[in-house]
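Comments concern the structure below.
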Amino acid sequence: MTAAQQADFAWVDRDGLCLRLQGPWQLSQLGPLWSRLQGRTGVDRVDGSALAGLDTAGAMAVLELLASPDELPELSGFREADRALLELVQQRSQVATPTRKRRTFGVLPLLARVGAAVERAWLQGRTLLGFIGLVLETCAQLFTGRRRLRLTSAVHHMEQAGLDAVPIVCLLSFLVGAVVAYLGATVLADFGAQVFTVELVNFSFLREFGVLLTAILVAGRSGSAFTAEIGAMKSGQEIDAIRTLGMDPIEL
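In this text, residue positions in the sequence shown follow the working numbering: the first is 2, and each later residue adds one.
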């Protein structure tokens with residue numbers, strides 16, 4: 002690449018201080034110039050008639066030479082695209098970076114955070130209580146015949162929430178039962194009562210673990226699935242469409 006094609010600049014002090022740009026002011030050509038980029042104030046004009054190209058890095062280098070002024074000096078000889086890019090970079094460089102608000106400490110900020118948490122908990126509890134009341138009201142209207150029970154939909158959701166969860170419940174019950182049997186046999190061996198391992202597993206699962214595991218797995222699996230489905234309906238405005246049709250989303 003010849004010297005005429007390399008990025009360069011010169012200061013011309015004639016009828017005011019002028020910055021004359023030469024060559025392509027692009028990122029790949031700015032390496033030798035970084036050590037010379039020392040800003041000067043009082044620049045009256047920037048001459049871009051010999052400018053072969055300009056990108057964002059070149060515009061930042063020009064602003065570095067101009068000591069990042071609040072307003073650009075007179076631009077002469079620039080192509081329209083280069084002028085617009087330089088003005089845009091100058092405007093963006095003046096935007097203040099938002100500072101992160103520091104968290105305050107002390108008794109009063111602590112009380113404020115506790116109060117805000119209590120208020121959020123109260124609002125969420127009130128919303129949850131209202132939702133439970135609305136569901137109970139709808140169920141009461143179903144039992145009294147004021148609302149219609151959609152049997153097909155009810156059976157479908159019962160199958161999804163209950164019957165489809167049987168495989169995972171059986172698998173985890175088997176694994177937990179194996180662990181309980183192994184640990185129980187190890188402990189009972191110290192007393193010569195290994196024969197009671199089967200009774201231990203039977204009583205523990207029939208009285209405690211079986212119901213508890215089933216409730217946790219069904220609630221977690223079905224609850225998360227229902228939450229995701231309702232969230233998708235909410236984002237897709239399906240619930241609004243149901244209300245628009247004059248139907249009750251709780252009943253459906």
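For glycine and all other residues, C-beta sits at the position ideal for the given N, C-alpha and C. Predicted model, so just to flag it, every value in this text is computed and none were measured.
The beta carbon of residue 76 sits closer than 6 Å to the beta carbons of 47 and 84 from its chain, once the five residues preceding and following it are set aside; these are given in chain order. Using a Cβ distance threshold of 7 Å, residue 9 and residue 24 count as a contacting pair. In the DSSP assignment, residue 47 falls within the beta strand (DSSP E) that extends over 46-55. The residue among 103, 63 and 106 with its C-alpha nearest the C-alpha of residue 88 is 63. By the CB criterion at 7 Å, residue 91 and residue 59 fall outside the cutoff. Residue ranges of uninterrupted alpha helix (DSSP H) with 4 or more members, entirely inside the stretch 156-233 and ordered along the chain, are 167-190 and 198-205. Counting along the chain, the unbroken beta strand (DSSP E) around residue 25 starts and ends at 18-26. The closest CA to that of residue 252, considering only 107, 143, 116 and 86, is found on 143.
Here DSSP, grouped into helix, strand and coil, assigns residue 14 to strand.
Nearest in C-alpha terms to residue 148, of all of 37, 123 and 249, is 249. With respect to the 7 Å criterion, residue 207 and residue 174 are not classified as neighbours on the basis of their beta carbons.
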